[in-house]
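Novice: Line by line, the protein sequences give chains A and B.
Residue numbers for the first sequence follow the working numbering, beginning at 40 and rising by one.
Residue numbers for the second sequence follow the working numbering, beginning at 40 and rising by one.
For every residue, glycine included, the Cβ atom is placed at its ideal position computed from N, Cα and C.
There are 2 protein chains.
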Amino acid sequence: VTDLQTDIVPALAGIVGDSHVLTDPALRAGYEVDWTGRFRGRALAVVRPADLEQTCEVLHACHAARVPVVPQGGNTGLVGGSVPSPGSVVLSLSRLTDLEAVDLEAGEVTAAAGVTIAAVQERARSAGLEFGVDFGARDSATVGGAIATNAGGIRVLRHGPMRAQLVGIEAVLADGTVVRRLPGMMKDNTGYHLPSLLAGSEGTLAVITRVRLRLLPRLARRVVAVAALAGTGEAVALMARLRATLPALAAAELFFDDGLELVLSHARLERPFGESHPAYLLVECAAVTDPTDELTDALGSAAEVRDAVMAGDAPGRERLWQLRERQSEAVAAAGIPHKLDVSVPIGRMAAFETRVRDVVEAEAPGTRTILWGHVGDGNLHVNLLGPAPDDDRVDEAVLRLVVEMGGSISAEHGIGRAKVRWLSLDRRPEDLAAMRAIKDALDPAGILNPGVLFPAGE
Amino acid sequence: VTDLQTDIVPALAGIVGDSHVLTDPALRAGYEVDWTGRFRGRALAVVRPADLEQTCEVLHACHAARVPVVPQGGNTGLVGGSVPSPGSVVLSLSRLTDLEAVDLEAGEVTAAAGVTIAAVQERARSAGLEFGVDFGARDSATVGGAIATNAGGIRVLRHGPMRAQLVGIEAVLADGTVVRRLPGMMKDNTGYHLPSLLAGSEGTLAVITRVRLRLLPRLARRVVAVAALAGTGEAVALMARLRATLPALAAAELFFDDGLELVLSHARLERPFGESHPAYLLVECAAVTDPTDELTDALGSAAEVRDAVMAGDAPGRERLWQLRERQSEAVAAAGIPHKLDVSVPIGRMAAFETRVRDVVEAEAPGTRTILWGHVGDGNLHVNLLGPAPDDDRVDEAVLRLVVEMGGSISAEHGIGRAKVRWLSLDRRPEDLAAMRAIKDALDPAGILNPGVLFPAGE
């Protein structure tokens with residue numbers, strides 16, 4: 040610890056005011072642990088700047104002192120990416136909550152980093168539009184964090200992840216320099232697209248302070264169906280046809296009978312079918328005009344569909360969605376799950392589903408393997424009940440299988456700290472070297488989120 | 040010229056064979072001038088590798104000899120980005136023409152860099168799908184070049200530019216190192232998104248050799264309308280409502296009465312309206328089910344619409360599209376135009392349209408200013424007839440106005456060599472420094488496309 044590092048707390052207090060530099064362990068506590076409770080760290084302090092200018096000054100001071108900075112939004116990540124590394128300062132963007140009026144002519148909105156996803160959704164709806172991304176943590180997750188992690192969720196199939204919503208960005212580099220292209224233009228070919236690069240960079244390249252997001256037409260007419268199928272292969276085949284013929288397709292969620300049984304008993308939900316089936320595909324269509332007929336025709340003519348239930352009214356849709364969405368809490372209620380979020384090329388999903396069950400059984404016999412996923416994205420969530428929480432041998436076996444099958448070890452959660460040691464399984468050394476070169480170019484002192492994406496001290 | 044540079048031609052011949060290293064000026068000629076004839080250069084040689092391996096070896100040899108490399112696809116760019124710089128080797132990707140079968144399960148296709156946009160479109164259609172990007176140079180432009188320049192075109196409003204179609208990439212860095220993520224996954228949060236960074240980098244960061252592209256449902260039912268309006272403000276207001284309420288909206292093209300008169304007399308087209316109007320908005324809707332009623336309702340209830348014509352059959356749609364699309368050739372037939380491709384925040388389009396006419400008249404009195412654009416993207420094409428071809432004072436005046444109004448000096452054509460000296464007007468020094476840092480990180484010797492994006496010798 041150098042003198043500069045010792046002096047960082049008063050320096051930060053000089054920038055943001057004493058009350059926004061938290062050093063008391065009780066006040067720091069909420070910032071030092073992720074919401075799952077799995078990842079913890081200890082920060083020198085938590086600093087809460089009020090605006091862009093203070094954010095720049097904070098970074099400038101930390102950079103001069105070579106104090107690591109861990110940017111933090113809603114702290115809802117699942118891979119420890121916003122948990123402090125040793126000796127770091129947590130830079131909370133939660134006070135940057137400026138949310139502009141919707142630009143109706145452009146169909147865009149500008150939000151400061153600390154605005155929640157739910158607030159953006161609400162602002163869009165109040166203007167007769169919709170925001171393209173939605174996920175469970177919407178009330179806590181912030182746009183800054185969601186862009187930094189390129190969050191996905193249930194609408195990626197239709198609208199893409201956070202990166203695809205981004206038309207402009209303002210961010211602060213490690214040394215306090217501001218990069219900015221606000222308002223963005225949908226068409227803007229004037230050099231490297233920094234917004235796309237910063238999206239998904241997990242706080243390692245810059246601190247995002249403000250974003251401009253595209254909004255979409257409000258698709259008020261929705262219909263949800265759950266189709267019973269013989270297995271994942273049938274779900275993939277059905278999905279391929281739905282994708283090609285149903286532009287109203289908004290979600291396609293695969294789950295299995297063991298997960299359904301678990302959620303039925305946990306949440307006391309109504310059984311959708313008289314008999315059980317190996318697999319189920321929940322399909323949602325959304326459009327301006329009622330998409331019920333299109334979906335009925337598409338499922339009615341599909342040889343894969345053994346049985347189907349459908350709902351067009353909001354309570355009915357909600358009942359069907361719960362069969363899929365509440366599986367996460369049902370799994371958590373049954374134990375402490377190992378949760379892996381992976382994707383494989385869609386054509387290999389069926390083979391992966393079989394092999395992952397075999398790999399888990401071989402590595403940790405007796406484990407309950409509950410799977411669900413977004414079939415259109417090749418994204419499967421692997422939930423394992425049985426292995427001890429800190430025993431990650433089975434995790435590694437699953438991730439090795441994913442890599443062997445040409446998949447991604449992190450479909451939407453990111454790498455954070457949790458998956459750093461496995462990133463080199465997944466990405467070729469040449470690709471990692473290119474990433475490292477970009478990191479070193481934009482943050483040569485390495486103060487931004489050390490230990491995330493790249494091993495600490497590398 | 041060093042010994043290594045002198046020896047580059049035999050070295051390249053050793054890699055690709057004599058017949059694929061073009062040194063004869065007659066054979067080089069087509070590679071040394073862009074298709075507009077405006078930009079010319081002279082290359083040491085043109086090298087045409089057959090595959091990835093040869094591309095790597097070519098780059099490795101040029102890197103060792105510090106010979107600049109100018110990657111070239113279909114050479115259809117408009118800003119001189121693929122024209123050789125002095126002493127460079129043109130690296131033509133035209134022999135990399137492998138086009139895989141459509142992956143129907145994923146709705147994706149993998150294509151080598153030299154495959155044309157038209158070939159991808161055709162391959163998609165043969166599988167019952169569509170490719171999301173279309174533009175006039177489709178028969179010559181290649182996917183590698185189109186990704187490198189992040190090409191746009193008439194469908195950006197609905198589907199985004201080339202970057203938005205990209206789910207995986209293979210590229211060769213300056214020193215011959217391969218970076219690769221093929222097949223890509225729609226959800227893949229494992230580090231910096233190199234595909235998005237390489238898209239729009241104009242051959243300055245890597246040579247793209249292969250891409251994986253998303254395909255889209257085929258929207259077979261189309262309807263086109265041209266609405267007569269009082270001006271750009273009315274077009275922007277109408278567009279905002281159409282965007283919010285018509286998800287079938289596929290294109291929205293603004294043009295003006297002088298451009299209409301020019302194209303009517305040049306192409307001998309039928310006059311769409313009995314009387315003339317200040318501005319026109321061509322709107323196309325595309326859907327699986329017939330969108331005619333939705334568009335009729337939307338235009339019928341719009342106070343801005345003075346008059347409208349509509350066509351649902353293919354010949355009728357084509358007749359309406361010609362009113363807009365053939366303006367480019369009509370302008371070219373009337374003289375040698377200065378062509379600027381700019382965007383401004385959509386809310387400022389009306390003010391920009393007025394001011395740009397004033398700025399042009401002040402700088403070059405008597406100039407004919409023909410404008411058209413993609414109103415949903417804030418993108419206007421400024422065509423100027425009158426100023427001498429090599430007199431760019433009026434170009435600079437227009438670009439300064441664009442920057443003053445918070446716009447982009449290149450909406451879709453890129454910076455290339457043509458706009459390098461104006462890039463510093465448009466982008467802040469901090470942003471340019473960040474781009475430069477990335478360039479230096481991935482191409483420290485600076486051999487890839489020197490003089491493009493950044494000033495030569497910088």
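Along chain A, in chain order, which residues have C-beta atoms closer than 8 Å to that of B/Lys226?
Specialist: One-based indexing of the second sequence puts residue 226 of chain B at position 187. Within 8 Å Cβ-Cβ: Gly191, Val195, Pro200, Ser382, His413, Asp416, Gly417, Asn418, Ser447, Ala450 and Glu451.
Novice: Would you mind reading off the limits of the beta strand (DSSP E) that contains B/Leu320?
Specialist: As a first step, residue 320 of chain B is located in the second sequence; it is residue number 281 there, counting from the start. Residues Ala318 to Ala326.
Novice: Using only alpha-carbon positions, find the residue among A/Arg280, A/Leu334, A/Tyr319 and A/Ala290 that is nearest to A/Asp296.
Specialist: As a working note, residue 296 of chain A is residue 257 in the first sequence. Nearest of A/Arg280, A/Leu334, A/Tyr319 and A/Ala290 to A/Asp296, Cα basis: A/Tyr319.
Novice: CB-CB under 7 Å to A/Asn189, same chain, minus the five flanking residues each way: which ones, in chain order?
Specialist: Here residue 189 of chain A is taken as the residue at index 150 of the first sequence, counted from 1. Result list for A/Asn189: Pro200, Met201, Arg202, Ala238 and Gly239, in chain order.
Novice: For B/Pro489, collect the residues of the same chain with a Cβ closer than 8 Å to its Cβ; drop the 5 residues on either side in sequence, then sort them by chain order.
Specialist: Counting from 1 along the second sequence, the entry for residue 489 of chain B is found at position 450. Correct list, in chain order: Pro107, Ser124, Ser127, Ala495 and Gly496.
Novice: Within 10 Å of its beta-carbon, does B/Ser449 have 16 or more other beta-carbons around it, so buried, or fewer, so exposed?
Specialist: Working through the second sequence from its first residue, we reach residue 449 of chain B at position 410. That one is buried.
Novice: Interface residues of chain A around B/His232 at Cβ under 9 Å?
Specialist: Locating residue 232 of chain B in the second sequence gives position 193, where the first residue counts as 1. Those are Asn189, Arg202, Ser235, Leu236, Ala238, Gly239 and Ser240, listed as they occur along chain A.
Novice: So A/Glu300 contacts chain E; which residues on that side make the cut at Cβ distance below 9 Å?
Specialist: Here the protein chains are A and B, and chain E is not one of them.
Novice: For A/Met444, would you say it is in contact with chain B, using Cβ-to-Cβ distances shorter than 8 Å as the test?
Specialist: Locating residue 444 of chain A in the first sequence gives position 405, counting from the first residue. For A/Met444, the answer is no, since every Cβ of chain B falls outside 8 Å of its Cβ.
Novice: In whole angstroms, what is the alpha-carbon distance linking B/Asp63 and B/Gly53?
Specialist: Locating residue 63 of chain B in the second sequence gives position 24, counting from the first residue. Locating residue 53 of chain B in the second sequence gives position 14, counting from the first residue. Those two C-alpha atoms are separated by around 17 Å.
Novice: In this structure, how does DSSP classify B/Leu98 when only helix, strand and coil are distinguished?
Specialist: For the purposes of this step, residue 98 of chain B is taken as the residue at position 59 of the second sequence. It is helical.
Novice: So, do the segment 306–322 of chain A and the segment 277–284 of chain B have three or more beta carbon pairs nearer to each other than 8 Å?
Specialist: They do not touch, by the three-pair rule.
Novice: Mapping DSSP to helix, strand and coil, what is A/Trp360?
Specialist: Indexing the first sequence from 1 puts residue 360 of chain A at position 321. Residue state, collapsed to three classes: helix.
Novice: Just grab the DSSP bridge partners of A/Leu168 for me.
Specialist: Along the first sequence, one-based indexing puts residue 168 of chain A at 129. In the DSSP output, where bridge partners are listed per residue, A/Leu168 has A/Pro256.
Novice: Does A/Pro489 come within less than 8 Å of chain B when only Cβ atoms are used?
Specialist: In the first sequence, counting from the first residue as 1, residue 489 of chain A sits at position 450. So no, A/Pro489 is outside the interface.
Novice: Just confirm the distance between the C-beta atoms of A/Val344 and A/Gly242, as a whole number of angstroms; I'd bet it's less than 8 Å.
Specialist: On the first sequence, residue 344 of chain A is found 305 positions in, with the first residue counted as 1. On the first sequence, residue 242 of chain A is found 203 positions in, with the first residue counted as 1. The pair is not a contact, with the Cβ atoms about 44 Å apart (cut-off 8 Å).
Novice: Quick one: list the residues of chain B neighbouring A/Ala152, beta-carbon separation under 7 Å, in chain order.
Specialist: Within the first sequence, residue 152 of chain A is the residue found at index 113, counting from 1. The premise fails here: A/Ala152 is roughly 18 Å from chain B at the closest Cβ pair, so nothing lies under 7 Å.
Novice: Does A/Pro222 come within less than 8 Å of chain B when only Cβ atoms are used?
Specialist: Start at 1 with the first residue of the first sequence, and residue 222 of chain A comes out as number 183. Yes, A/Pro222 counts as interfacial toward chain B.
Novice: In angstroms, rounded to a whole number, what distance separates the CA positions of A/Glu99 and A/Pro88?
Specialist: Residue mapping note: residue 99 of chain A aligns to position 60 of the first sequence, counting from 1. Residue mapping note: residue 88 of chain A aligns to position 49 of the first sequence, counting from 1. According to the sequence as given, residue 99 of chain A is His; it is not Glu. When rounded, the distance between both Cα atoms is 13 Å.
Novice: Check for me: the alpha helix (DSSP H) holding A/Leu299 runs from which residue to which?
Specialist: Within the first sequence, the letter at position 260 stands for residue 299 of chain A. A/Leu299 -> alpha helix (DSSP H) spans Asp296 to Ala306.
Novice: Output needed for A/Val262: all residues of its chain with C-beta closer than 6 Å, excluding positions within five of it in sequence on either side, in chain order.
Specialist: Taking the first residue of the first sequence as position 1, residue 262 of chain A is located at position 223. Hits under 6 Å: Cys324, Pro330, Thr331, Leu334 and Gly351.
Novice: I need the boundaries of the alpha helix (DSSP H) containing B/Arg432, first residue and last residue.
Specialist: The sequence position of residue 432 of chain B within the second sequence is 393, counting from 1. That run of the alpha helix (DSSP H) goes Arg432 to Glu443.
Novice: Does the segment 247–254 of chain B come close enough to the segment 169–184 of chain B that 3 or more CB-CB pairs lie under 8 Å?
Specialist: At 8 Å Cβ cutoff, the stretches touch.
Novice: Between B/Thr216, B/Asp416, B/Asp434 and B/Ala369, which lies nearest to B/Ala103 when the distance is taken from Cα to Cα?
Specialist: Counting from one through the second sequence, the residue named residue 103 of chain B turns up at place 64. Selected option, being the one with the closest Cα: B/Thr216.
Novice: Using a Cβ-Cβ cutoff of 8 Å, what residues of the segment 342–362 of chain B are near chain A? List them in chain order.
Specialist: Answer set for the segment 342–362 of chain B: empty.
Novice: Along the segment 366–390 of chain A, where does the CB come closer than 7 Å to a CB of chain B? Name the residues.
Specialist: Answer in chain order: Ser382, Pro384, Ile385 and Gly386.
Novice: Quick check for students: name the residue ranges of the beta strand (DSSP E) that lie wholly in the segment 178–239 of chain B, counting only runs of 3 or more.
Specialist: Those beta strand (DSSP E) runs which fall completely within the segment 178–239 of chain B and span 3+ residues are 205–211 and 217–220.
Novice: Is there a C-beta anywhere in chain B that falls below 8 Å from the one on A/Gly184?
Specialist: As a first step, residue 184 of chain A is located in the first sequence; it is residue number 145 there, counting from the start. No, no contact with chain B.
Novice: Check whether the Cβ atoms of B/Val433 and A/Met225 lie closer than 8 Å to each other.
Specialist: Translated into positions along the second sequence, residue 433 of chain B becomes position 394. Translated into positions along the first sequence, residue 225 of chain A becomes position 186. No, the Cβ-Cβ distance between B/Val433 and A/Met225 is not below 8 Å.
Novice: How close, in whole Å, do the beta carbons of A/Ala259 and A/Val348 come, if the pair is a contact with beta carbons under 8 Å?
Specialist: The residue you call residue 259 of chain A lines up with position 220 of the first sequence. The residue you call residue 348 of chain A lines up with position 309 of the first sequence. Their Cβ separation, rounded to whole angstroms, is 22 Å, which puts A/Ala259 and A/Val348 out of contact at 8 Å.
Novice: Closer than 8 Å by C-beta to B/Pro317: which residues in its own chain qualify, once you throw out the five before and the five after it? Chain order, please.
Specialist: Working through the second sequence from its first residue, we reach residue 317 of chain B at position 278. Closer than 8 Å at the Cβ level, and outside the excluded window around B/Pro317, lie Leu268, Ala269, Gly270, Phe295 and Asp296.
Novice: Is A/Arg177 near A/Gly153, with beta carbons less than 8 Å apart?
Specialist: For the purposes of this step, residue 177 of chain A is identified with residue 138 of the first sequence, where counting begins at 1. For the purposes of this step, residue 153 of chain A is identified with residue 114 of the first sequence, where counting begins at 1. Not in contact: A/Arg177 and A/Gly153 (Cβ atoms no closer than 8 Å).
Novice: Between A/Ala176 and chain B, is the shortest Cβ-Cβ distance under 8 Å, so that the two count as touching?
Specialist: Working through the first sequence from its first residue, we reach residue 176 of chain A at position 137. No - not a single Cβ of chain B is within 8 Å of the one on A/Ala176.
Novice: Quick test of your reading: B/Ala337 and B/Leu285, contact by CB under 8 Å. State the CB separation rounded to the nearest angstrom.
Specialist: Working through the second sequence from its first residue, we reach residue 337 of chain B at position 298. Working through the second sequence from its first residue, we reach residue 285 of chain B at position 246. Right, their Cβ atoms sit about 6 Å apart.
Novice: Hey, B/His198 and B/Val218 are a contact pair by Cβ (cut 8 Å); roughly how many whole angstroms apart?
Specialist: The count along the second sequence starts at 1 and reaches residue 198 of chain B at position 159. The count along the second sequence starts at 1 and reaches residue 218 of chain B at position 179. In fact, because the Cβ distance is near 26 Å, the residues do not count as touching under 8 Å.
Novice: How many whole angstroms separate the CB atoms of A/Ile385 and B/Ala145, which I take to be in contact at a CB cut-off of 8 Å?
Specialist: Taking the first residue of the first sequence as position 1, residue 385 of chain A is located at position 346. Taking the first residue of the second sequence as position 1, residue 145 of chain B is located at position 106. Correct: roughly 4 Å between the Cβ atoms.
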